[in-house]
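Asker:
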Amino acid sequence: MSLGHVERFKSERPIIIVHGGAGAWDVDEDTRRRITDFIEKLLVESYELLMKGSEAVDVVEYAVSKLEDSGIFNAGYGSSLNIKGVAEMDAGIMIGSVMKAGAVAMSRYVKNPIKLARIVMEKTDHVLIGGEGADELAKLFGLEKREINESINRRYKDALNKKILPPYYRKNLEIIDRVISLGDTVGAVALDIYGTLASATSTGGIWFKLPGRIGDSPIPGAGFYADRNVACSATGVGETIMTISLCRSIALSYRYLNDLYKATVESFRELEELFGGNTAGAIILSSLGEIIMYYNTKGMARGFISSSLSKPYVNI
Ligand code: GLY
């Protein structure tokens, strides 16, 4: 039995889906409206780029960089802090037609980890660069530095004062969600007018993680993935997602089952059998224009736009 909520649609290309993280999303009406408006506007801008002929990879990078800059979500400027109060950010990007991926882990310096992930993909011979190496690469390519986010620092200090520091965050996810975190991670998947898929994911990780902890978001096949048939961006507790390589599991199941809905539910079933509910979510898009948004948390900020809609679909 599936523990999650599933939404499915089908449309003509171009299509873009974004998420702002699976989580508790216990927010008041004003905040909900602000987040919904932000995602709606972002989808409209991204769709215009796709309609003008931009490639999927450019548009997912654009969408995720805006989500990183917003400060609303757990990525880029809004990144959660580790146990020492430092942001260590992960991100990954992938082009489906050529199956090229780039990713960064534990990056402390850069304002937009997704832009750095793209540099790893296009300007180096590597797929994943972490820590100081990632920071040096960002400086080498002149990428902007992340500013300190005072409101995030305050949340960190408040949480310390409230002594909610969990011995093991997985078991305390609901408490952390309620006290400091709205959701987890941002991501985008797109299908461009040429029929190419791309995926991008970015995150500050999990609040109060140990320094050096790396989640699923920069691991190809776990937190992000794209091939010729499917693109996926995941969100949730990284340790659960990476243990079953969630996005690649969905892609392979789709190859064999030829049914994107079943492939998604089967892959989440495996994750949920191991780790239970309140753990993860994902947005998934096929080259046939099938759209799936799945989450087993209370909510997931999400939305998509395509030629079959007069305005974007957005929900939390
Ligand atoms: N899904 C983000 C993380 O666990 O780091």
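First residue of the sequence shown? That's 270 in the numbering used here, and the numbers climb one at a time after it. No residue lacks a Cβ here, since even glycine has one placed at the ideal position from N, Cα and C. These numbers were taken from a predicted model, which means no experiment stands behind them.
When the Cα atoms are used, what is the spatial distance from Ala549 to Val506?
Answerer: Going from the Cα of Ala549 to the Cα of Val506 covers about 6 Å.
Asker: Have a look at the DSSP bridge pairing and note the partners of Tyr582.
Answerer: Paired residue(s): Phe573.
Asker: What residue does the beta strand (DSSP E) around Tyr463 start on, and which one ends it?
Answerer: Segment: none, Tyr463 is in no beta strand (DSSP E) and carries neither H nor E.
Asker: Report the CB separation of Ile462 from Pro283 in whole angstroms; it is logged as a contact under 8 Å.
Answerer: The pair is a contact, with the Cβ atoms about 5 Å apart (cut-off 8 Å).
Asker: What's the gap between the Cα of Trp476 and the Cα of Met320?
Answerer: C-alpha separation (whole angstroms): 38 Å.
Asker: If you check the beta carbons only, do Val373 and Pro487 fall under 8 Å apart?
Answerer: In contact: Val373 and Pro487 (Cβ atoms closer than 8 Å).
Asker: Can you tell me whether Val313 is buried or exposed? The criterion is at least 16 other CB atoms within 10 Å of its CB, across all chains shown.
Answerer: With fewer than 16 Cβ atoms within 10 Å of its Cβ, Val313 is classed as exposed.
Asker: Near Val326, which residues of its chain fall below 6 Å by C-beta distance, leaving aside the five closest residues on each side in sequence?
Answerer: Closer than 6 Å at the Cβ level, and outside the excluded window around Val326, lie Ile364, Ala467.
Asker: Kindly indicate which three-state DSSP category Leu272 falls into: helix, strand or coil?
Answerer: Leu272: coil per DSSP, three-state reduction.
Asker: Helix, strand or coil: how does DSSP classify Pro436 here?
Answerer: Low confidence applies to Pro436: its pLDDT is 49, below 50, so where it sits in the model is not reliable, and the reading given next is rough at best. Three-state result, Pro436: coil.
Asker: So within the region 339 to 378, which uninterrupted beta strand (DSSP E) runs reach at least 3 residues, ignoring any that extend past its ends?
Answerer: As far as the region 339 to 378 is concerned, its whole beta strand (DSSP E) runs of at least 3 residues are 358 to 364, 369 to 376.
Asker: Anyone know if the C-beta pair for Met562 and Glu276 falls short of 8 Å?
Answerer: Going by C-beta atoms, Met562 is nearer than 8 Å to Glu276.
Asker: Only counting runs of 3 or more residues, tell me where the beta strand (DSSP E) segments fall wholly within the region 504 to 574, in order along the chain.
Answerer: List check, beta strand (DSSP E) in window: 549 to 555, 559 to 564.
Asker: May I ask which residues mark the beginning and end of the beta strand (DSSP E) holding Phe493?
Answerer: Residues 493 to 495.
Asker: I believe Val333 touches Ala495 by the beta-carbon criterion, under 8 Å. Please report the beta-carbon distance rounded to the nearest angstrom.
Answerer: About 13 Å separates the two Cβ atoms, so there is no contact after all.
Asker: Could you say which of Gly490, Tyr523, Glu535 lies nearest to Cys516 if we only look at CA atoms?
Answerer: It is Gly490 whose Cα lies nearest to the Cα of Cys516.
Asker: If distances are taken between C-alpha atoms only, which option among Ile341, Glu391, Leu350 comes closest to Val367?
Answerer: Per the Cα distances, Glu391.
Asker: Is it the case that the region 281 to 297 contacts the region 567 to 583, given that we only count it when at least three CB pairs across the two stretches are under 8 Å?
Answerer: With the cut-off at 8 Å, the region 567 to 583 and the region 281 to 297 touch.
Asker: Using 8 Å as the threshold, is the C-beta distance between Glu539 and Ile510 below it?
Answerer: No; because the gap between Cβ atoms is not below 8 Å, this pair is not in contact.
Asker: If you draw a straight line from the C-alpha of Pro436 to the C-alpha of Glu542, how long is it?
Answerer: Residue placement at Pro436 is flagged as unreliable, the pLDDT there being 49, under the threshold of 50; a coordinate-derived value is accordingly withheld.
Asker: Is Ile510 near the ligand GLY, going by C-beta to nearest heavy atom under 7 Å?
Answerer: Indeed, a heavy atom of the ligand GLY lies less than 7 Å from the Cβ.
Asker: Do Asn343 and Gly290 have their C-beta atoms closer together than 8 Å?
Answerer: Yes, the pair counts as a contact, with Cβ atoms nearer than the cut-off.
Asker: Where does Ser315 land, buried or exposed, given buried means 16+ other C-beta within 10 angstroms?
Answerer: Label assigned to Ser315: buried.
Asker: Let me know the secondary structure DSSP gives Gly289 once reduced to three states.
Answerer: Correct three-state label for Gly289: strand.
Asker: Can you give me the start and stop residues for the beta strand (DSSP E) that Gly399 sits inside?
Answerer: Gly399 -> beta strand (DSSP E) spans 397 to 399.
Asker: Under 7 Å from any heavy atom of the ligand GLY, does the C-beta of Ser486 make it?
Answerer: Result yes, Cβ under 7 Å from the ligand GLY.
Asker: Taking the alpha helix (DSSP H) that Lys414 belongs to, which residues open and close that run?
Answerer: Looking at the DSSP string, Lys414 is not in any alpha helix (DSSP H), and its letter there is neither H nor E.
Asker: Excluding the 5 residues preceding and the 5 following Gly464 in the sequence, name in chain order all residues of the same chain whose CB lies nearer than 7 Å to its CB.
Answerer: Cβ within range, chain order: Arg282, Ser556.
Asker: Run through DSSP, which three-state label would Val499 get?
Answerer: Residue state, collapsed to three classes: strand.
Asker: When the Cα atoms are used, what is the spatial distance from Val499 to Arg303?
Answerer: Each residue's alpha carbon lies about 31 Å from the other.
Asker: Does DSSP put Ile308 in a helix, a strand or coil?
Answerer: Helix.
Asker: Using the Cβ count rule (16 or more neighbours within 10 Å means buried), how would you classify Glu401?
Answerer: The residue in question, Glu401, is exposed, as its Cβ has fewer than 16 Cβ neighbours within 10 Å.
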